[in-house]
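Numbering (the UniProt record's numbering), first residue to last: 1 to 1190. Don't be surprised by glycine CBs; every beta carbon is placed ideally from N, CA and C. The model shown is predicted, which means the values in this text are computed figures rather than measured ones. Reading through the structure tokens given below for one structure.
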């Protein structure tokens, strides 16, 4: 495989389409500086995928497009096509000729093509991998690359050796495998999170599903048996109802006959009773009159007795009031004694308070004084510390001056020895060359100054570049870390959001209602309780535990919406759900006194959630009577204190139920619905923060990258100028040496040498004097430092003592203030006691006055009562005379009434017998009707139950009912089934389908995880195998390259030694590569010690060693011979000829010896400013004209 041709259009200084054809062997591209010859090498770099604008010698990628001249407009695109002969099938699966094209438009759009077909840059990189071609290969070598191989760090030389070893493709495969491994690990993390979420649900759902299946089976058995029992009872009731109707009809006919007999007898009795009533009425009238008079008299007697009793009570009240007055006097005397004792105690406490206040004031003054002294001393100590730091700096300056002067003395002494030695070797005939020598000396000094300036500049640029590059790498690492954290958070949020959107954790019935609400099929649905509350993360577990299954209760607008949702679930056979209408659900909160003061009390559960105020009734009903406590111990204390009257939940989810039962254990492995919602909110905030951090770090890294690239470009330019300066130095030095060697007279030079010697001696003496002055100043400074350090130590000791004293005073002051507070409490208590005594005395005075008034009032009442008694006794005497006449007339009425009563009794006895028969018959009818009503009610109840429970009419139930032979056995069996259903407790029928769905997802996720783990293991094995193979290939190739380098170095340098060394042989894939060389007759400790030409030759030797191991199909060498002299250029060009059998070379050069070895010569000129033109010459044509072209 070799380079066949190169087509360029619109690239840099080649606006017109040009074509360069290449044959095997050497092709040289020559031309003056600035003609655009290096643009040919840049075009090959560019078409092979180079992305660095600095490498392409531009600021931005758009700079490669022809930018126009005064006479020519700018081009809108740049295009380069590289045609390769592939007849030997070096590139498998490709034709005999391969064309690589890259095109860039000024708009920024670009395209790559292989044989005219669009492709990716990745495809081009993979095509040339391990061939030595490509962006990172060694097929294009410029002067800067030569400097890099020598001047770069050992760890930065690896790329070219890896390409030569042929492990680039392996490294690419390894990177791909590592990328896939990272993706697999991320997928595994995501799948594991989902699996963990499902794992926490599978087992509870399995238990619920089994319970639901058992419930359904028992419910079917209950339905069958219950319908049969009810139908059998309906049949029995029909028979009973017919019998009862017949008996009721007979009894009612008999009842009518008895009622007719009763009416006749009742008429006779009524006549007798009328006569009895007339006599009775007269007697009653007489008795009434007599009774009225007796009652009046009796009332008068009673009034007298009452009045006498009132007088007695009044006398007793007078005696009691007098006794109370006496008791009040005794209490007053006792209170007077108590007041006296309390006042004495108050005086003592006041005296103690005054003494304590004086002591507190003294302590505060001492504390403030100590605080002030400590502050002043602290300022002095800080000032002394600052002075010591200044003295340390002065000490360092003196030491630096001493060392600088010593260094100068050593340099000047060496210089003096050189001058004395050179003075003895000068020749008299040097006078005739003095003018020439002076000119060369001036040029040499100017060049040396420029070289020194360039060395300083280059050193500064390299340090600055390293700083920016390290900063860029750090910013890049920080950016990648932030990006990884961001992706991790985003991945976690996506998982949680998927779970939230899929309503994971909700029952199937709840999901159906919520989906129908979102679709607009049901209005007035506000979502679940969990969706409508907000909880801080620290309370999430407690609230989830407190709500339990109620988290899935659905909040609706009113009762009609709730009924509509229930009908929807019945129609859809979607299971059951609980609905909370805002209009009907009300609750109330705990109002226990002192609850908030209990240890461990956090809050009422409804107080730590946020919600829309319109849901307050619902939240109060669910959480209003639940208390949140810190832990199970404090929760137990609270529960005991309030008699286990309400439910308590701890922050970690343990529960003490009302009544005293405890529920708890380990926490769930996965978060609940509320925890998930909280985590999403937290992740949103973290993602926003990380995104901002990522953007900031990206901008920082981009800025540092741009700065480092600019510095790199500046460094390369400085190195290029330094190399030119070095070439100039070598040439001037050679001429100056020639002049000195021809000079035979040393007189003038001897005089100059003596003068320089004297000056040097004076400088040495001045430096010695400077050392003496600096040493004296250093001694004085050190003495000052010692004195200042002693003062600082004393100040620090005093400050420490003051700090201890201040702490002691602070403690004493705190004790006194506490004692003062206790004394104030005692004073307050004593004053309260005196106030209590005063109040009690006032109460006693007021009570005595009240008792005296009561005595006066009671005596007035007694006098009034005695007058009333006298008047009543007079009226009693008048009533006794009327009583005798009333008694005689009453006796006559009584005789008449007795006779009529006898006749009526006889008739009533007969009527009673008839009524007894009637009552018995009526009771029988009532009993029969009640039995009929009971049977009808029982029948209706059974029919209603059939409709409500099973939605069956009576006729439908009869069709599916089974015959019951033994009703008692059937009812016993039915009771057993109901007990079994009741024992199951709450049943979630939706759990059957939900369990199937979740278990299927769990199985699927488990299989996915197993597949990912298997892929991960395979990728890890691939990476291990690739790493081992890369180690083997690199080690073998490196050994061959090292051997080649040793032999080629000896050939190029005519002797000496050279070796390539791995800095870390145990880790060959990451090890840096050290270069050790020793040209003939030299001992080199550092490559920088070599001249520019020697450094270039070392790098060229390494490239030749690589080409000898793995020849590149073609190689473009861009002025890598610039630093070589003509002898070494010829040596380099002739050695290059050895590789032309396997490698095609294109040399960009302006050295004659290199041109002479070329088979074909392309000349690049700029006949028109800014536009490059080509001229091709075969070897036979340009041999004679090579000098002119140069």
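Rounded to a whole number of angstroms, what is the C-alpha to C-alpha distance between residue 484 and residue 615?
42 Å
Measuring alpha carbon to alpha carbon, tell me which of 656, 25, 1 ends up nearest residue 92.
1
Would residue 40 and residue 1120 qualify as a contact pair, given that the criterion is a beta-carbon distance under 8 Å?
no
What does the Cβ neighbour count give for residue 7, buried or exposed, with the cut at 16 atoms within 10 Å?
buried
What residue does the beta strand (DSSP E) around residue 531 start on, and which one ends it?
It is not in any beta strand (DSSP E) - residue 531 carries neither H nor E in the DSSP assignment.
What does residue 1115 pair with, by DSSP beta-bridge criteria?
1145
Can you say whether residue 674 is buried or exposed, counting buried as having 16 or more other CB atoms within 10 angstroms of its CB?
buried
If you reduce the DSSP assignment to three classes, tell me which class residue 670 lands in.
Annotation note: pLDDT 42 at residue 670 (below 50); position unreliable, coordinate value reported separately. Coil, per DSSP.
Alpha-carbon spacing of residue 945 relative to residue 552, whole angstroms:
30 Å
Would you check if there are 3 or more beta carbon pairs closer than 8 Å linking the region 712 to 727 to the region 565 to 579?
no
Outcome for residue 477 when other beta-carbon atoms lying within 10 angstroms are tallied against a minimum of 16:
exposed
Residue 713 (DSSP reduced to helix, strand or coil):
helix
Cut-off 8 Å between Cβ atoms - residues of its own chain near residue 669, not counting five sequence neighbours on either side:
The pLDDT assigned to residue 669 is 40, lower than 50, so where the model puts this residue is not dependable; a value taken from the coordinates is nonetheless given after this. Excluding sequence neighbours, residue 669 sits near 196, 199, 200.
Assess contact between the region 212 to 223 and the region 980 to 989, defined as three or more Cβ pairs (one per stretch) separated by less than 8 Å. Is contact present?
yes
Can you list, in chain order, the residues of its chain whose CB lies under 6 Å from that of residue 639, leaving out five sequence neighbours each side?
648, 656
Drop a sphere of 10 angstroms on the beta-carbon of residue 1092, count the other beta-carbons inside from all chains shown, and report buried for 16 or more, exposed for fewer.
buried
Do you know whose CA, among 515, 893, 113, 254, lies nearest residue 565's CA?
515
Beta strand (DSSP E) runs contained entirely in the region 433 to 494, provided each spans 3 or more residues:
none
Could you check the C-alpha separation between residue 1094 and residue 784 for me, to the nearest Å?
55 Å
Could you please give the first and the last residue of the uninterrupted beta strand (DSSP E) stretch that includes residue 512?
Per DSSP, residue 512 belongs to no beta strand (DSSP E); it is in the alpha helix (DSSP H), 508 to 518.
Beta-carbon spacing of residue 458, residue 79 below 8 Å
no
Please determine, among 643, 609, 161, 618, the residue with the shortest C-alpha to C-alpha distance to residue 628.
609
Which first and last residues belong to the alpha helix (DSSP H) in which residue 1017 is found?
991 to 1053
Reduced DSSP category for residue 744 - H, G, I as helix; E, B as strand; rest coil:
With a pLDDT of 49 at residue 744, under the threshold of 50, the modelled position of this residue cannot be trusted; read the value that follows with caution. Reduced to three states, the DSSP call for residue 744 is coil.
Per DSSP, cross-strand counterpart(s) of residue 581
556
Do the CB positions of residue 1192 and residue 479 come within less than 8 Å of each other?
Look at the range of the chain in this structure, 1 to 1190, and you will see that residue 1192 is not part of it.
Residues near residue 1194 by beta carbon distance below 6 Å, same chain, minus five either side:
This structure leaves residue 1194 out entirely; the chain is present only between 1 and 1190.
Taking 8 Å as the cut-off, decide whether the C-beta atoms of residue 77 and residue 103 are in contact.
yes
May I ask which residues mark the beginning and end of the alpha helix (DSSP H) holding residue 1197?
Residue 1197 cannot be examined here, being either before or after the span of the chain that is shown, 1 to 1190.
So, does the CB of residue 312 fall closer than 8 Å to a CB anywhere in chain B?
The structure shown contains no chain B; it holds only a single protein chain.
Any alpha helix (DSSP H) of 4 or more consecutive residues that is wholly inside the region 211 to 270
none
Provide the residue span of the alpha helix (DSSP H) that contains residue 59, from first to last.
Looking at the DSSP string, residue 59 is not in any alpha helix (DSSP H), and its letter there is neither H nor E.
Quick one, are the C-beta atoms of residue 990 and residue 685 less than 8 Å apart?
no
Using a threshold of 8 Å, state whether the C-beta atoms of residue 243 and residue 907 are closer than that.
no
Within a Cβ cutoff of 7 Å, which residues of the same chain sit near residue 133, ignoring the five residues on either side of it in sequence?
48, 139, 1112, 1113
Measuring alpha carbon to alpha carbon, tell me which of 235, 277, 267, 30 ends up nearest residue 895.
277
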